[in-house]
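Here the structure comes first, spelled out in structure tokens, and everything after it is commentary.
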Amino acid sequence: MTTETTLGSVAVVFLAAILTNNILLAKFLGMCSFIAISRNIRTALGMGLAVTFVTFCTAVLNYAIYYGILVTGAPLCSADLTFLSFLVFIMTIAGFVQLVEMILERFSPVLYYNLGIFLPLITVNCAILGVNLLMIDPDLKFGLAKTAAYGLGSGLGWLMAICLMAGIRQRLEVADIPKPLRGLGITVIVTGLMAMAFMGFTGMVDL
Amino acid sequence: MIYIQAIVVLGGLGGTLAVLLLIADRFLANYGPCKVAINDRDPIEIEGGRKLLEVFYDNAIFIPSACGGQGTCGFCKITVKDGGGPVLPTELPYLTTEEVEAGTRLACQVKVREDVVVHVKEEYLNVKEFKAVISSARMITHDTRELRLKLTEGEEIDYRPGQYVQVFVPDTGETTFRAYSVASAPSSKTEIELLVRLVPGGLGSTYLHNIRVGDGITFTGAYGEFELDMSEDTELVCVGGGCGMAPMRSILRHIHEVAPTRTCRLFFGARTTDDIMYMNEFQALAGEMKAFGLHYALSEPAQSPGWDGETGFIHESVERHLGTEGRRQAFLCGPPQMVEATMRVLHDRGLTRDQIFYDEF
Numbered sequence: 223m224t225t226e227t228t229l230g231s232v233a234v235v236f237l238a239a240i241l242t243n244n245i246l247l248a249k250f251l252g253m254c255s256f257i258a259i260s261r262n263i264r265t266a267l268g269m270g271l272a273v274t275f276v277t278f279c280t281a282v283l284n285y286a287i288y289y290g291i292l293v294t295g296a297p298l299c300s301a302d303l304t305f306l307s308f309l310v311f312i313m314t315i316a317g318f319v320q321l322v323e324m325i326l327e328r329f330s331p332v333l334y335y336n337l338g339i340f341l342p343l344i345t346v347n348c349a350i351l352g353v354n355l356l357m358i359d360p361d362l363k364f365g366l367a368k369t370a371a372y373g374l375g376s377g378l379g380w381l382m383a384i385c386l387m388a389g390i391r392q393r394l395e396v397a398d399i400p401k402p403l404r405g406l407g408i409t410v411i412v413t414g415l416m417a418m419a420f421m422g423f424t425g426m427v428d429l
Numbered sequence: 294m295i296y297i298q299a300i301v302v303l304g305g306l307g308g309t310l311a312v313l314l315l316i317a318d319r320f321l322a323n324y325g326p327c328k329v330a331i332n333d334r335d336p337i338e339i340e341g342g343r344k345l346l347e348v349f350y351d352n353a354i355f356i357p358s359a360c361g362g363q364g365t366c367g368f369c370k371i372t373v374k375d376g377g378g379p380v381l382p383t384e385l386p387y388l389t390t391e392e393v394e395a396g397t398r399l400a401c402q403v404k405v406r407e408d409v410v411v412h413v414k415e416e417y418l419n420v421k422e423f424k425a426v427i428s429s430a431r432m433i434t435h436d437t438r439e440l441r442l443k444l445t446e447g448e449e450i451d452y453r454p455g456q457y458v459q460v461f462v463p464d465t466g467e468t469t470f471r472a473y474s475v476a477s478a479p480s481s482k483t484e485i486e487l488l489v490r491l492v493p494g495g496l497g498s499t500y501l502h503n504i505r506v507g508d509g510i511t512f513t514g515a516y517g518e519f520e521l522d523m524s525e526d527t528e529l530v531c532v533g534g535g536c537g538m539a540p541m542r543s544i545l546r547h548i549h550e551v552a553p554t555r556t557c558r559l560f561f562g563a564r565t566t567d568d569i570m571y572m573n574e575f576q577a578l579a580g581e582m583k584a585f586g587l588h589y590a591l592s593e594p595a596q597s598p599g600w601d602g603e604t605g606f607i608h609e610s611v612e613r614h615l616g617t618e619g620r621r622q623a624f625l626c627g628p629p630q631m632v633e634a635t636m637r638v639l640h641d642r643g644l645t646r647d648q649i650f651y652d653e654f
């Protein structure tokens, strides 16, 4: 499946997932929770950690399911069931989110209630499904190590983007913004500027 | 063949996930037995992980709560002295800074994960659950229904004029209560009256508009801070809008029974003639009570042909009729805008905060 899996190539995938191929700023996936939860750094960090955890775990889990069951000639089922990948991935993600919810409710009720409705919404967070679907791209030829690095990197990239955004938005609260642009308007503009800034990383590393 | 394989794969994965979640639920949501100490009572031992409000209801402590434990009414305030964890963001909109510092919490949001010590207002400990049957029901305006609830033989309810009860709304999947002010005088201990305005889509009002004479009903009570000043020289000012008539009727019927010479005024605001309630009844009372001023005002007189009474908002009517002299006590009940506007007028007329009781809905 893989061409070469050295520590260096895994690190490249990891860095590329964070910087050049940032799931949010390069692919614009996971925008809804990004905009809704980025008002406060603490909550943003919590949400980012939850997304990172779910992205990483589901990427690894779905990798195993995809290559163990779904692809043609897989060890557990030889038929080509790749058409199920959407359904199966969503199911795994949903199950995992439930688990994260239980863990958070037990150990950090404040964060649990702060994330509120957005925690169950991770289930349909397109960033996570996006990572899961992108990692099985045949052109990338990811092995397990690279998939794990890609999942973790993408999650951290999303976390970094939302935390940066939350920091900027906390400052925007006191900024003198033209009335029609307040709230969502300025947020989308700032997101665009951040995406352009991230384009500066282009060419440094590549998937 | 491939379809069978697909179904088996999906089913297998789904099943595995379900089993994993069940196992996690067993270990993560298991808090073991916890003790809940309420006021000076002996601690109750309960299974951890439950909400305080449920624990209260199970132990026949009926603190007010209107939203079925959703954290949207802010009625179920109690003081948590120990345990209970941090104040949650869902509670903050309903708590002032002082309350947070004093340990006030919403009972519906506090999950018992450890031993907790709580303090509940003494008056709530006296609140009881009552079973009753609907003895009569009639529409008094196009959207408001008057219900008479006859308590089970031998039961009596004590309440002050202006207090409210919480009616249990069945079949909602949760413990849902809705608050309704009692419209009858406190001398009626075996039968109470409620006024219910139909709110489209409202759980409580839909239930109470469909309930039939002879049907059973459960409610808890009585609640409410309304405390009538019974000294003869205090002028009573009652201001009601819409269903806010209920507590005013209770107060005025009580006055009619025990102190018919008291100076009192009733201001009732409605939109159109269709919304007017109990006008004949109060006119009859006014005939029997010498110092009773009755003021009905309509805010949409254009829609009310034949109306020759006052027009405009009810706070404007209060402004016109209320003087600035003497000891007075005011009771307000109605929509928030009405309460707010009337409060301003009352402050202008020299009433202080502790002379005004109000209920918004």
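Listed in order, the protein sequences are those of chains V and D. Count along the first sequence starting at 1, add 222, and that's the number in my numbering. Count along the second sequence starting at 1, add 293, and that's the number in my numbering. A virtual CB, placed ideally from N, CA and C, is assigned to each residue, including glycine. Predicted model only: the values in this text are computed from it and were never measured.
{"query": "Name the chain D residues whose beta carbon is nearer than 7 Å to that of M324(V)?", "result": "A317, D318, L321 and A322"}
{"query": "When burial is assigned at 16 or more other CB atoms within 10 Å of the CB, is Q596(D) buried or exposed?", "result": "exposed"}
{"query": "Between V530(D) and A623(D), is the Cβ-Cβ spacing less than 8 Å?", "result": "yes"}
{"query": "Among H588(D), A515(D), S592(D) and G627(D), whose alpha-carbon lies nearest the alpha-carbon of H614(D)?", "result": "H588(D)"}
{"query": "Applying the criterion that 16 or more other CB atoms from any shown protein chain within 10 Å of the CB defines a buried residue, is K363(V) buried or exposed?", "result": "exposed"}
{"query": "Touching or not, the segment 266–282 of chain V and the segment 373–387 of chain V, by the rule of three or more beta carbon pairs under 8 Å?", "result": "yes"}
{"query": "Can you tell me which of the three DSSP states M223(V) falls into?", "result": "Note that M223(V) scores 44 on pLDDT, short of 50, meaning its location in the model is unreliable; the coordinates nonetheless yield the value given after this. DSSP places M223(V) in coil when its eight states are reduced to three."}
{"query": "Could you tell me which whole alpha helix (DSSP H) segments of length 4 or greater appear in the segment 450–518 of chain D?", "result": "496–503"}
{"query": "Which runs of the alpha helix (DSSP H) at least 4 residues long sit entirely within the segment 377–428 of chain D? Give them in chain order.", "result": "390–395 and 415–418"}
{"query": "Check each residue of the segment 348–374 of chain D: if its Cβ is closer than 7 Å to any Cβ of chain V, include it; give the result in chain order.", "result": "none"}
{"query": "Can you check which of these residues, S330(V), R264(V) and V234(V), is closest to M387(V) by C-alpha distance?", "result": "R264(V)"}
{"query": "Report the option in V632(D), H502(D), T554(D) and V506(D) whose CA atom is closest to the CA atom of F561(D).", "result": "V632(D)"}
{"query": "Looking only at DSSP bridge pairs, what is L559(D) linked to?", "result": "C531(D) and L587(D)"}
{"query": "For the segment 375–395 of chain D, enumerate the residues whose C-beta is nearer than 7 Å to any C-beta of chain V, in chain order.", "result": "G378, P379, L381, P382 and T383"}
{"query": "Terminal residues of the continuous beta strand (DSSP E) containing L442(D)?", "result": "T437 to L444"}
{"query": "The beta strand (DSSP E) with I371(D) in it runs from where to where?", "result": "K370 to D375"}
{"query": "How would you list, in chain order, the residues of chain V whose beta-carbon sits under 7 Å from the beta-carbon of G497(D)?", "result": "None at all; the shortest Cβ gap to chain V is about 25 Å."}
{"query": "Does the beta carbon of R328(V) come closer than 8 Å to any beta carbon on chain D?", "result": "yes"}
{"query": "Does the CB of L644(D) have a neighbour CB from chain V at under 8 Å?", "result": "no"}
{"query": "Just to confirm, are F172(V) and I399(V) a CB contact at a threshold of 8 Å?", "result": "In the structure as shown, chain V starts at 223 and stops at 429, and residue 172(V) therefore has no counterpart that could be examined."}
{"query": "For the beta strand (DSSP E) containing D652(D), list its first residue and its last residue.", "result": "I649 to E653"}
{"query": "CA-CA distance, M313(V) and F355(D)?", "result": "42 Å"}
{"query": "Which residue marks the beginning of the beta strand (DSSP E) containing I337(D), and which one marks its end?", "result": "I337 to E340"}
{"query": "Output the boundary residues of the alpha helix (DSSP H) element that contains F463(V).", "result": "What the structure shows of chain V is the stretch from 223 to 429, and residue 463(V) is not part of that stretch, so it cannot be assessed."}
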